[in-house]
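Chains A and C supply the protein sequences, listed in that same order.
Everything in the first sequence is counted per the numbering used here, starting at 129 for the first residue and increasing by one.
Everything in the second sequence is counted per the numbering used here, starting at 79 for the first residue and increasing by one.
Beta carbons are placed, not taken as given, at the ideal position from N, Cα and C, and that holds for glycine.
Take a look at the structure set out below.
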Amino acid sequence: MTVIVPIRDGAQDALTLALKRIGTDIVGNDLLRFPDFEQIHFCRFVIVPPAKGCSSGYQLAFGTDHDGDDETLLRALATRAMPGLETIYQYCVGWPGPDSRDAVVRYLLEQRIPYAARHIACRRRSVGDLRAAVDAHRWMADYANDHAPRPRLETSPQTAATATPTPTPTEIAAAARHAGVAYPLPGPVSDTPAYLKVGAVAVAGAAAVGAGLYLIAKRSPAAAVVTGAAVAVGPIAYFLTRLRAEEKADTAAWTRAEPPSLEKLATLRTWEDHQVQNQMTHVVPLRPGSFRQKTLRNVFRVIDFLAAHFWNKGKLGDIPTIHFARWMLIDNGTRLLFFSNYDGSWENYLGDFIDRAAVGLTGVWSNTEGFPPTTYLIQGGARNAEAFKNWTRRHQIETQVWYTAYPDVTAVNQLDAVALQVEPPDTPGWIDRL
Amino acid sequence: MVFNTTTMTVPSPTGDAAKAEPDAQRAAMQEKEGRRLRQNYPDIQGILLSGYGHLTHAAYVFLQFPRADMSSVRTTAAIAEALAAAASDLTIVKEEPDKGRRHPTAVNLALTFHGLEALGLTPETLETFPPEFRGGMTAPFRARALGDIGPADPGHWEWGGYIAPRTDNAGTSLSESPEIDTARMPDLLLMCFASSAAGLNRLVATETGRWTALGAATIAVEQSTANMPGEHFGFRDGITGVSIAGGFNSSKSPDAQTVIMPGEFVLGYLNEYDAERSATVINYDDQYALSPCLVGPAFSKQQGVSGADDPSDIGYNGSYLVFRKLAQNVPAFWDYCRQQAKGLLPPTPATDDLQDTANRIAAKMVGRWRSGAPLALCPFANSDIVANDPAQVNAFGYTVAVPGQAKQDPLVYACPVGAHIRRANPRNAMPQTSDPTTSLQTVAHHRILRRGRPYGTPYQDAARASADPASLPEAEPAPSGDRGLLFFCIGTGIARQFEFVQQSWINNPKFGGLWAEPDPITGSAENVTHLTDTPGADAEFTIPQASGRVRLHGVPRFVTVRAGVYLFVPGITALQRIAAEARKRLT
């Protein structure tokens with residue numbers, strides 16, 4: 129869920145202070161006791177500065193990744209954290225005040241914005257599921273360690289007979305069940321196979337086009353050929369020509385992506401590397417014109433489809449370190465907002481972007497201002513590594529409040545822990561997940 | 079997985095598909111850039127392409143310009159004068175340094191950001207240096223990222239750190255704005271190498287004398303231990319070299335897996351990313367834009383001009399150098415291995431078994447046997463591979479092709495994922511990457527050139543230097559004094575190379591899908607409590623085996639940073655340009 133509300137004129141500094149009081153004591157503060165809300169995976173409050181040369185003011189973005197529906201969470205917040213909401217939203221336009229829970233819930237619900245594309249590493253797993261799976265993992269790991277025979281270190285190549293792990297995977301799983309720590313997770317709900325969906329769309333499209341052509345061909349076969357060619361090639365040719373023209377103009381205007389100032393870098397990095405996970409909030413204006421806006425919306429359709437149907441096993445593209453990430457169009461589709469919750473260092477995260485997902489990210493961000501030059505939407509761009517990193521840092525903004533329900537655990541850890549519960553112990557590689 | 083022999087033969091690390099001719103365009107680019115690098119040898123300081131292995135004695139002299147006097151025109155002019163003079167005396171890259179007549183000494187020079195500031199370069203010029211070099215190793219967020227917390231906190235450093243620690247001994251943050259110890263912050267590093275102790279003493283006296291005569295203060299003289307057979311824990315060191323296009327790969331056993339573009343280690347050349355970009359349809363003009371340059375009215379960057387022809391370019395043929403003095407706690411290391419060995423053996427083990435198991439644990443932690451033989455090639459027993467087949471000793475990876483299967487099998491049962499050498503260079507098995515070719519390409523973005531040398535008295539005296547360190551009597555008092563490694567490495571992108579390796583691979587408790595394991599040799603144990611908030615969490619080390627994995631607990635910190643700094647190693651012409659600019663600023 130993402131809620132964006134305008135901040136009252138001149139109130140952004142006071143709000144920044146209020147947010148930082150919460151953000152610097154994220155689990156201990158009394159205003160928003162995040163750990164009490166057990167459906168929240170990640171949560172952030174970010175002050176989004178206005179775009180350069182734009183008359184609109186500062187806005188407050190509130191983002192959560194949570195289990196259950198939005199209204200239940202908002203009602204819980206309004207019931208148990210009204211002073212916290214009041215502390216924050218008193219600086220925002222239209223705040224109904226703390227007296228009516230219903231009004232507060234309505235206020236926040238109405239200012240939600242949709243995501244354009246998103247990624248979730250552990251789909252359909254609640255915070256509780258993930259916590260229990262991780263606890264069970266640790267228990268089983270310790271059990272295996274404590275119940276192994278001595279001497280432990282192999283000194284010669286094992287034969288197939290002796291290579292069976294002791295205790296065996298089945299024994300470990302049985303012990304966990306016996307001790308009551310095993311957590312019977314339901315297997316993932318099986319998706320409609322993606323190729324079926326793609327196939328269905330393709331067949332429907334082909335049928336529609338075919339039917340149209342058939343109707344035309346009944347009158348004039350020649351017209352059908354011309355129309356067919358135009359329908360198939362015309363839009364693509366138009367799109368590529370138009371795109372290339374815009375790209376050439378953008379490339380000519382591009383100089384070089386300067387690194388961020390030391391102050392900006394220190395502001396951002398002061399919040400980083402305090403735990404295993406890190407976050408990023410990034411906001412950048414789209415390149416002017418409706419062409420880029422339309423292109424971007426279509427790119428998002430593709431990415432969201434792929435993320436939901438192909439990259440739903442924990443990896444976004446080939447990146448295994450992102451828990452939740454999403455893009456949103458704000459300010460009437462003129463700016464692109466990005467929230468990410470990832471494991472490890474920023475340098476590693478950006479390196480993964482460049483090495484493993486440059487095509488997809490370039491496809492998105494090549495439609496935004498100052499992005500390193502591209503060819504045909506997806507070539508170049510993020511492959512210009514230093515420029516891409518500098519550009520990213522320059523458009524990254526400070527996240528004043530950021531909460532994670534499980535700061536110690538990576539997405540890879542969670543996927544391993546979940547697999548131990550979902551897969552039978554005799555699955556090859558099961559024990560290696562310990 | 080079943081191993082048939084004690085010493086395994088591992089198929090080509092890249093797999094057969096990747097063994098195919100590298101794409102012709104890349105080969106042509108390497109050839110072209112390599113040729114340009116060779117042509118520029120006389121402009122490049124020798125240390126960038128050679129560790130001066132034939133010069134057995136080394137000292138690193140850290141100096142500070144006379145700060146209070148730097149406002150004085152005369153002092154600054156004299157310093158600039160001395161820099162210009164030094165430029166013509168520095169040891170440059172020689173063709174084939176290991177052959178022919180060798181010069182008995184070598185001197186190289188590097189400047190810190192404070193040094194460049196003191197020379198009076200304009201803020202606009204200074205801003206063209208990358209943020210990590212400007213901000214320095216001790217920026218609080220950077221110290222945290224590098225694991226310089228707890229006992230390694232810059233507040234405890236001998237020089238180059240803070241006045242007071244930023245973190246307590248458990249690594250918990252006390253302050254986010256520590257005060258820099260400016261009185262012990264170096265401006266200039268002189269790297270002196272000689273073939274004898276007497277020669278080194280003379281060289282250091284002469285070279286240091288030039289600067290102290292102008293009022294410069296000596297911050298530290300870090301002297302290496304000559305003729306040590308390996309590093310202090312008892313392992314053979316310096317085995318893996320990097321093959322650079324246009325370099326001479328003097329290392330006895332270069333890492334033959336990938337030839338790296340020279341721009342990764344010398345500024346002004348195509349780097350690994352540039353090479354990829356050039357292979358696409360786009361033609362960029364900004365490929366060398368990362369080189370720092372003089373900015374001002376006199377300098378207007380000309381389109382299409384770069385490097386030697388551009389009078390403003392001060393990065394060309396230079397690079398960055400990371401220096402860290404790393405103290406090694408030798409008795410703690412072997413005590414830990416012995417303690418853990420007891421836990422893995424039946425009660426009251428025989429002495430031989432104890433020693434053998436302690437040695438195995440140590441080898442698993444390093445990823446090599448003490449001889450240098452890699453576990454990936456000989457998982458169960460040491461072998462003479464280093465002595466007998468030096469070319470083979472680096473020709474390995476951590477995954478092997480499985481006949482009849484598309485996927486490669488990670489060799490987790492041979493070399494643990496968390497082992498030191500596997501973290502420092504994951505080769506063809508980058509964590510979570512199933513494709514060895516992609517892994518090698520990614521790893522190529524994070525290589526460093528190591529130029530470290532040991533310091534301090536060896537823990538074992540010369541008479542027993544070859545003895546098994548696991549056999550040392552536990553109660554034996556250590557020879558007095560500190561010992562460890564004068565680590566230093568070279569690269570054109572400190573953030574993407576040294577810092578990345580240190581933070582994302584070495585010190586990362588989650589490396590390769592692990593749970594709470596920083597590097598077992600050089601990692602910061604405090605990183606586990608600091609990066610994973612779990613109360614009572616300890617640093618672990620996992621040894622995967624076919625018969626069930628072993629997990630060791632409570633791995634302490636064995637290596638502690640004592641001092642460190644980021645430096646800039648200019649090319650000869652660039653150094654003259656910097657000196658000229660400093661002089662000009664005075665008039």
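The continuous beta strand (DSSP E) containing Trp-530(A) extends over residues 529-532. Counting of Cβ neighbours within 10 angstroms places Asp-197(A) among the exposed residues, the total staying below 16.
Neighbours of Thr-152(A) across chain C, judged by C-beta separation under 8 angstroms, do not exist; the nearest C-beta is about 10 angstroms away. Shown here for Glu-551(A): same chain residues with a beta carbon closer than 7 angstroms to its own, the five before and five after excluded, namely Trp-558 in chain order. Residue environment analysis places Pro-556(A) among the exposed positions, since fewer than 16 neighbouring C-beta atoms fall within 10 angstroms of its C-beta. Of the other Cβ atoms in all chains shown, fewer than 16 fall within 10 Å of the Cβ of Gln-117(C); this residue is therefore exposed.
Of all residues in the segment 395-423 of chain A, the ones placed with a Cβ closer than 8 angstroms to any Cβ belonging to chain C are Arg-397, Thr-398, Glu-400, Asp-401, His-402, Gln-403, Val-404, in chain order. Residues of the same chain with their beta carbon placed closer than 8 angstroms to that of Ala-276(C) are lacking, with the five preceding and five following residues left out of the count. Taking a C-beta distance under 7 angstroms as the contact criterion, Arg-212(C) and Phe-191(C) qualify as a contact pair. The residues Val-427, in chain order, have a CB closer than 6 angstroms to that of Val-492(A) in the same chain once the five nearest residues on each side in sequence are set aside. With 16 or more other Cβ atoms from the protein chains shown falling within 10 Å of its own Cβ, Glu-111(C) counts as buried.
Relative to the Cα of Trp-267(A), the nearest Cα in the group Gly-256(A), Ala-244(A), His-306(A) belongs to His-306(A). Residues of the segment 570-597 of chain C that bring their beta carbon within less than 8 angstroms of a beta carbon in chain A comprise Gly-571, Ala-573, Arg-574, Glu-577, Phe-578, Gln-581, Ser-582, Asn-586, Pro-587, Lys-588, Gly-591, Trp-593, in sequence order. Any Cβ of chain C closer than 7 angstroms to the Cβ of Pro-556(A) would place that residue at the interface, and such an atom is absent. Residue contact with chain A for Phe-311(C): absent (no Cβ-Cβ distance below 7 angstroms to any residue of chain A).
Taking C-beta separations shorter than 7 angstroms and ignoring five residues to either side along the sequence, the partners of Cys-567(C) in its chain run Val-400, Ile-526, Leu-527, Arg-528, Arg-529, Phe-576, following chain order. Rounded to the nearest angstrom, the Cβ distance from Gly-562(C) to His-310(C) is 6 angstroms, consistent with a contact under 8 angstroms. Using a Cβ distance threshold of 7 angstroms, Met-456(A) and Ile-175(A) do not count as a contacting pair. Taking 3 residues as the shortest admissible run, the segment 375-435 of chain A contains the following complete beta strand (DSSP E) segments, listed from N- to C-terminal end: 405-413. Shortest Cα-Cα distance from Phe-173(A) to any of Arg-203(A), Ala-179(A), Met-210(A), Tyr-217(A) involves Tyr-217(A).
Minimum Cα-Cα distance from Ala-545(A) among the listed residues Pro-388(A), Ala-264(A), Val-411(A) corresponds to Ala-264(A). Per DSSP, Trp-455(A) is one residue of the beta strand (DSSP E) stretching across 450-458. Residues of chain C with a Cβ closer than 7 angstroms to the Cβ of Pro-535(A) are, in chain order, Asp-611.
With respect to the 7 angstroms criterion, Leu-464(A) and Ala-269(A) are not classified as neighbours on the basis of their beta carbons.
Closer than 7 angstroms to the CB of Asn-469(A) there is not a single CB belonging to chain C. Linking His-631(C) to Glu-618(C) through their CA atoms gives a straight-line distance of about 5 angstroms. The beta-carbon distance between Leu-345(C) and Tyr-394(C), rounded to whole angstroms, is 6 angstroms. This is short enough to meet the 8 angstroms contact definition.
Taking a contact to require three or more Cβ pairs closer than 8 angstroms, the segment 426-433 of chain C and the segment 283-300 of chain C do not qualify as touching. Between the segment 474-485 of chain A and the segment 193-211 of chain A there are fewer than three inter-stretch CB-CB distances shorter than 8 angstroms, so the stretches are not counted as touching. Out of Ala-459(C), Ser-449(C), Phe-458(C), Val-478(C), the CA that lies nearest to the CA of Asn-466(C) is found in Ser-449(C).
For Pro-424(C), a Cβ of chain A is located within less than 7 angstroms of the residue's own Cβ. Within the segment 442-472 of chain C, the residues whose Cβ lies closer than 9 angstroms to any Cβ of chain A are, in chain order, Lys-442, Pro-457, Phe-458, Ala-459.
Residues of the segment 291-308 of chain A with a C-beta atom less than 9 angstroms from some C-beta of chain C are Ala-291, Thr-292, Pro-293, Thr-294, Pro-295, Thr-296, listed in chain order. Taking a Cβ-Cβ cut-off of 7 angstroms, the neighbours of Val-540(A) in chain C comprise Gln-510, Gly-591, given in sequence order.
Taking the Cβ atoms as the reference, Leu-258(A) lies roughly 11 angstroms from Gln-549(A), outside the contact range of under 8 angstroms. Across the set Ala-242(C), Asp-259(C), Met-263(C), Ala-261(C), the C-alpha of Ala-242(C) shows the shortest separation from the C-alpha of Ser-253(C).
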